[in-house]
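Heads up, the thing below is written out as structure tokens.
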DNA sequence: ACTACCGTTGGATGTTCATCAAACAATCGT
DNA sequence: ACGATTGTTTGATGAACATCCAACGGTAGT
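Chains as they are written, first to last, in the numbering used here: chain Y, 1 to 97; chain C, 1 to 97.
If you want it as structure tokens, here you go:
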């Protein structure tokens, strides 16, 4: 359980940033999204976005697939829900329809 | 909703630390706890604990009441559950009975 | 009143982090 | 093959952070 906590801390640290939180919230729709600059317009430099994507990937939050010159990012929803039940849901906010 | 997100980021940053996460998890039992050094034995200095308690309080996670020379800390469970439904529950871990 | 206890404050330090800038790498269209 | 597009890498920089230490301020006990 201490292991789980360490992993949880890493996930929380990854998500404890305005930009990265928004990325996760957007990715929570279940669909894969591109890393294209037009798509994620936060007024920060390209390399900064690369940095954020790296943090998210290394924390186990996302999976990146490369096709040609476009990289596609995707939330590992299943693994996350299994490991940290309710976390993503709580991060996305109340979507209750 | 952007305001909510900023507050959420602050809460997440507060909780994205091994020591502070453990504090919140312990406090999640609903009972108030003292700040006494014997109670929270993480091998760090007194003032470091003061620092962590301050972060938690300023993020709106805890409430501190002073009685005499002992300070008592308590999780603001109601406010947190109202504002960020499911978050604390997700942080504490799977309690599923 | 003096001492022990509980906790905070302020300063100092080393580390981590978010950001930018410039250079590089790979791929697509023509 | 050439230029444009998409991302990454590396280095630099300033801010934030976790930690310790010493000193301080109340409070309780005797």
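Every residue gets a Cβ at the ideal spot worked out from N, C-alpha and C, and that includes glycine.
Closer than 8 Å to the CB of residue 44 of chain Y there is not a single CB belonging to chain C.
For residue 84 of chain C, the closest Cβ of chain Y is nearer than 8 Å. The C-beta distance from residue 52 of chain Y to residue 20 of chain Y rounds to 5 Å, short enough to meet the 8 Å contact threshold. For residue 76 of chain C, no CB of chain Y lies under 8 Å from its own CB, so it is not counted at the interface with that chain. Where residue 75 of chain C is concerned, the enclosing beta strand (DSSP E) starts and stops at 70-75. Secondary structure at residue 66 of chain C: strand, using DSSP grouped into helix, strand and coil.
Rounded to the nearest angstrom, the gap between the Cα atoms of residue 1 of chain Y and residue 81 of chain C is 24 Å.
For residue 51 of chain Y, the enclosing alpha helix (DSSP H) begins and ends at 46-58. By DSSP's assignment, residue 34 of chain C forms a beta bridge with C:72.
In the assembly as shown, residue 6 of chain Y is an exposed residue. Its beta-carbon has fewer than 16 other beta-carbons within 10 Å. Nothing from the region 37-66 of chain C brings a Cβ to less than 8 Å from some Cβ of chain Y. For residue 90 of chain Y, the residues of chain C that pass the 8 Å Cβ criterion are 84, 85, 86, 87, 89 and 90, in the order they occur in the chain.
For residue 4 of chain C, the nearest CB of chain Y lies under 8 Å from its own CB, placing it at the interface with that chain. As the crow flies, the alpha-carbon of residue 49 of chain Y is around 43 Å from that of residue 36 of chain C. According to the DSSP assignment, residue 18 of chain Y belongs to the alpha helix (DSSP H) that extends over 18-27.
With 16 or more other Cβ atoms from the protein chains shown falling within 10 Å of its own Cβ, residue 62 of chain Y counts as buried. Rounded to whole angstroms, the gap between the alpha carbons of residue 25 of chain C and residue 18 of chain C is 11 Å.
At a C-beta separation below 8 Å, residue 24 of chain C has no neighbours in chain Y, since its nearest C-beta there lies roughly 11 Å away. The C-beta distance from residue 16 of chain C to residue 92 of chain C rounds to 15 Å, too long to meet the 8 Å contact threshold. Contact annotation, residue 32 of chain Y with residue 74 of chain Y: C-beta distance approximately 4 Å; criterion of less than 8 Å satisfied.
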